[in-house]
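J.: Here's a structure for you.
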Amino acid sequence: MTSSTVGALNLDKGVASVMTRPRVLLVMDRATFALQFGPDEQARLAELATLGDPVVVGGLADVHPGRLAETEVLITSWGCPPITAAQLDAAPHLRVLLHAAGSVRGLVPPDFHGRGVQVATAATMNAVPVAEYTLAAVILAGKRALPLAQVGRTQPTGWQNSFATRSLSNLGRTIGIVGFSTIGRRVLELLRVLETGPVLVADPFADPDRVRAAGGELRPLPEVLGRAEILSLHAPLLPSTQHLIGRAELGLLPDGATLINTARGGIVDSAALLAECASGRLDAILDVTDPEPLPTGHPLLALPNVTVTPHLAGSLGSETRRLSHFALDGLAAYAAGEPLPGAVTPEASELSA
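Mind the numbering: the sequence shown is residues 394 to 746 in my numbering, read in order.
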């Protein structure tokens with residue numbers, strides 16, 4: 394047996410139910426564990442799981458073969474090295490991987506699902522702060538607040554200057570969203586607090602009815618680019634999306650448009666973006682870059698109409714507790730024989746970040 398059981402009294406139904414306590418191993422670096430698992434989270438983990446010593450390892454290569462052989466659930470997060478087929482062969486009782494972070498791409502081998510192991514990821518939880526960052530970036534972009542703040546460092550500016558610039562507004566703006574992903578959908582929800590114009594969505598795999606229900610309009614990418622005054626990227630970085638936004642695509646954006654990238658730097662051709670922003674035709678708010686981070690002295694960093702933040706849109710600080718709570722909720726669901734929240738299907742994994 395790879396799990397122990399405890400009786401739990403169901404007071405509503407007056408019957409005793411049995412919840413399993415699976416053998417669980419956490420795989421992540423120590424800094425991640427300290428950030429995500431405080432005293433409350435550790436107490437709940439101990440309540441739900443049968444734990445060995447140590448509770449947390451930096452990688453499966455560090456695990457005693459006997460410990461790995463009996464493990465039923467892996468909880469992974471940042472710092473977990475890619476899991477190999479040989480390591481999975483050594484874990485015949487493994488049934489679930491709960492990833493207390495975003496993407497599992499590159500973490501598990503291609504045949505992972507074929508081994509009968511369920512996979513769930515906290516991508517929906519990580520989407521929350523990214524979407525919040527994006528909403529803030531959209532609002533600031535509509536007012537050109539960040540470029541004008543840079544101008545204000547070197548020359549006097551004030552309300553009269555802003556009043557004379559008629560384009561500083563969020564009312565009626567046409568917003569473009571590339572990627573109807575978990576984050577893209579949440580951004581659409583948050584944009585409802587603004588009185589924007591149409592929100593146009595480009596995604597070849599999206600269902601038009603679902604996009605419409607979320608408040609967007611599904612359109613081909615060239616049309617989205619040609620109309621978007623603010624363009625926000627939420628697509629995964631795949632071979633098919635490398636430099637998806639290149640010189641030709643950037644050239645379709647209207648003069649004065651702002652590009653927001655919180656997805657992956659490689660989606661954008663950095664040289665083409667530099668040319669457009671250096672000309673003053675486009676603004677950019679970049680939380681990710683290619684390369685990342687940009688080296689000291691990179692010309693993008695010197696442009697007043699380009700804001701680069703250090704990949705901070707995703708979960709940080711207390712926000713990371715959403716990710717560990719997700720993993721613990723998934724562990725509880727598995728122990729109770731219920732469907733896993735955030736389950737990743739083989740089909741979805743081919744299209745996700």
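Beta carbons: idealized from backbone N, C-alpha and C, even for Gly.
Around the C-beta of Asp455, are 16 or more other C-beta atoms found within 10 angstroms, so that it is buried, or is it exposed?
T.: Here the question's residue 455 lines up with position 62 in the sequence shown. It counts as exposed.
J.: Grab me the residues of Ala726's own chain with a C-beta within less than 6 Å of its C-beta, minus the 5 sequence neighbours each way, in chain order.
T.: The residue you call residue 726 lines up with position 333 of the sequence shown. Cβ within range, chain order: Leu733.
J.: Start and end of the alpha helix (DSSP H) containing Leu539?
T.: For the purposes of this step, residue 539 is identified with residue 146 of the sequence shown, where counting begins at 1. Where Leu539 is concerned, the enclosing alpha helix (DSSP H) stretches over Ala538 to Val544.
J.: Who does Gly569 pair with in a DSSP beta bridge?
T.: On the sequence shown, position 176 is the one that residue 569 refers to. For Gly569, which the question treats as bridged, DSSP gives the partners Leu593 and Leu624.
J.: Taking buried to mean at least 16 other C-beta atoms within 10 Å of its own C-beta, is Leu418 buried or exposed?
T.: Start at 1 with the first residue of the sequence shown, and residue 418 comes out as number 25. Under this definition Leu418 is a buried residue.
J.: Under 8 Å: do the region 716–725 and the region 452–472 share three or more Cβ pairs, one atom per stretch?
T.: Contact between the region 716–725 and the region 452–472 is present, because at least three Cβ pairs lie under 8 Å.
J.: Count Cβ pairs between the region 602–618 and the region 657–673 that sit closer than 8 Å; are there 3 or more?
T.: Segments in contact, no.
J.: For Arg416, which residues does DSSP report across the bridge?
T.: As a working note, residue 416 is residue 23 in the sequence shown. Paired residues: Thr443.
J.: With 16 other CB atoms within 10 Å as the buried threshold, where does Ala439 fall?
T.: Indexing the sequence shown from 1 puts residue 439 at position 46. Looking at its Cβ environment, which holds fewer than 16 other Cβ atoms inside 10 Å, Ala439 is exposed.
J.: In three-state DSSP terms, what is Asp504?
T.: Position 111 of the sequence shown holds residue 504. If DSSP states are grouped into helix, strand and coil, Asp504 belongs with coil.
J.: Would you be able to state if there are at least three C-beta pairs under 8 Å between the region 515–528 and the region 571–586?
T.: Touching, yes, given that three or more Cβ pairs across the two stretches are closer than 8 Å.
J.: With 16 as the cutoff for other CB atoms within 10 Å, does Pro739 come out buried or exposed?
T.: Here the question's residue 739 lines up with position 346 in the sequence shown. That one is exposed.
J.: Quick one: residues in its chain with C-beta nearer than 8 Å to the C-beta of Asp543, no 5 flanking neighbours on either side, listed in chain order?
T.: In the sequence shown, residue 543 corresponds to position 150, counting from 1. The residue asked about is misnamed: residue 543 is Gln in this sequence, not Asp. Once the five neighbours on either side are set aside, the close Cβ partners of Gln543 are Pro697 and Asn698.
J.: If contacts are defined as beta-carbon pairs under 8 Å, then Ile653 and Ala493 qualify, I think. What distance do you get, rounded to the angstrom?
T.: Within the sequence shown, the letter at position 260 stands for residue 653. Within the sequence shown, the letter at position 100 stands for residue 493. Incorrect: roughly 27 Å between the Cβ atoms, too far for contact.
J.: Under a Cβ-count criterion, where at least 16 other Cβ atoms within 10 Å of its own Cβ denotes burial, should Thr550 be classed as buried or exposed?
T.: As a working mapping, residue 550 is identified with position 157 in the sequence shown. The residue in question, Thr550, is exposed, as its Cβ has fewer than 16 Cβ neighbours within 10 Å.
J.: Keeping to the same chain, check which residues put their C-beta closer than 8 Å to that of Gly545; ignore five residues upstream and five downstream.
T.: Against the sequence shown, residue 545 aligns to sequence position 152. Correct list: empty, nothing qualifies.
J.: Below 8 Å CB to CB, which residues in the same chain sit around Pro647 once its five sequence neighbours on both sides are set aside?
T.: What you label residue 647 is simply residue 254 of the sequence shown in a count that begins at 1. The residues are Gly619, Arg620, Ala621 and Glu622.
J.: Going by DSSP, what residue range makes up the alpha helix (DSSP H) through Val718?
T.: The residue labelled residue 718 in the question sits at position 325 within the sequence shown. Here the sequence assigns His to residue 718, which means Val is not the residue at that position. Looking at the DSSP string, the run of the alpha helix (DSSP H) that includes His718 is Arg714 to Ala728.
J.: Mind checking which residues open and close the alpha helix (DSSP H) that includes Leu696?
T.: Taking the sequence shown and counting its residues from 1, the one referred to as residue 696 is at position 303. It is not in any alpha helix (DSSP H) - Leu696 carries neither H nor E in the DSSP assignment.
J.: Per DSSP, which one or two residues make a beta bridge with Thr469?
T.: To locate residue 469, count along the sequence shown from 1; it is residue 76. Answer is Val420 and His492, bridged to Thr469.
J.: Who are Leu652's beta bridge partners in DSSP?
T.: Position 259 of the sequence shown, counted from the first residue, corresponds to residue 652. Paired residues: Leu624 and Ala677.
J.: The alpha helix (DSSP H) spanning Gln511 covers which residue range?
T.: As a working mapping, residue 511 is identified with position 118 in the sequence shown. From DSSP, Gln511 is part of no alpha helix (DSSP H) but of the beta strand (DSSP E) over Gln511 to Thr514.
J.: What does DSSP give as the partner residues of Glu610 in its beta bridges?
T.: In the sequence shown, counting from the first residue as 1, residue 610 sits at position 217. For Glu610, which the question treats as bridged, DSSP gives the partners Leu593.
J.: Using beta-carbon positions only, say whether Thr517 and Gly735 come within less than 7 Å of one another.
T.: Mapped onto the sequence shown, residue 517 falls at position 124. Mapped onto the sequence shown, residue 735 falls at position 342. Yes. Within cutoff.
J.: Could you work out which residue in Ala462, Gly472, Glu610 and Leu624 is closest to Gly452 when comparing CA atoms only?
T.: By one-based count along the sequence shown, residue 452 stands at place 59. When only C-alpha atoms are compared, the closest one is Gly472.
J.: Would DSSP call Leu402 helix, strand or coil?
T.: Walking along the sequence shown from the start, residue 402 turns up at place 9. Only weak support exists for where Leu402 lies, its pLDDT of 31 falling under 50; the value from the coordinates is given anyway. Strand at Leu402.
J.: Out of curiosity, what's the CA-to-CA distance linking Thr443 and His486?
T.: Residue 443 sits at position 50 when you count from the first residue of the sequence shown. Residue 486 sits at position 93 when you count from the first residue of the sequence shown. Rounded to the nearest angstrom, the two C-alpha atoms are 14 Å apart.
J.: Can the beta-carbon of Leu626 be found less than 7 Å from the beta-carbon of Val701?
T.: For the purposes of this step, residue 626 is taken as the residue at position 233 of the sequence shown. For the purposes of this step, residue 701 is taken as the residue at position 308 of the sequence shown. In this structure, Val701 does not lie closer than 7 Å to Leu626 by Cβ.
J.: Among Phe598, Ala595 and Pro591, which has the Cα closest to the Cα of Gly608?
T.: Mapped onto the sequence shown, residue 608 falls at position 215. Considering only alpha carbons, the answer is Pro591.
J.: Terminal residues of the continuous alpha helix (DSSP H) containing Gly459?
T.: As a working mapping, residue 459 is identified with position 66 in the sequence shown. Residues Pro458 to Glu463.
J.: Can you find the residues in the same chain that come closer than 8 Å, C-beta to C-beta, to Leu694, ignoring five residues on each side of it along the sequence?
T.: Taking the first residue of the sequence shown as position 1, residue 694 is located at position 301. Excluding sequence neighbours, Leu694 sits near Leu687 and Val701.
J.: Quick check: the Cα distance between Arg537 and Ile678, rounded to an integer number of angstroms?
T.: Your numbering for residue 537 matches position 144 in the sequence shown. Your numbering for residue 678 matches position 285 in the sequence shown. Rounded to the nearest angstrom, the two C-alpha atoms are 11 Å apart.
J.: May I ask whether a heavy atom of the ligand ZN can be found less than 6 Å away from the beta carbon of Ala494?
T.: Absence of the ligand ZN from the depicted structure is noted, as is the absence of any ligand whatsoever, leaving it without description.
J.: Can you confirm whether the region 708–719 touches the region 561–570 when touching is taken to mean that 3 or more C-beta pairs between the two stretches lie within less than 8 Å?
T.: No, the region 561–570 is not in contact with the region 708–719.
J.: Taking the alpha carbon of Asp446 as the point to measure from, which residue in Leu645, His704, Arg460 and Gln511 has its own alpha carbon closest?
T.: Numbered from its first residue, the sequence shown carries residue 446 at position 53. When only C-alpha atoms are compared, the closest one is Arg460.
J.: Classify Thr413 as buried or exposed, calling it buried when 16 or more other Cβ atoms lie within 10 Å of its own Cβ.
T.: To locate residue 413, count along the sequence shown from 1; it is residue 20. Counting Cβ neighbours within 10 Å, Thr413 comes out buried, since at least 16 surround it.
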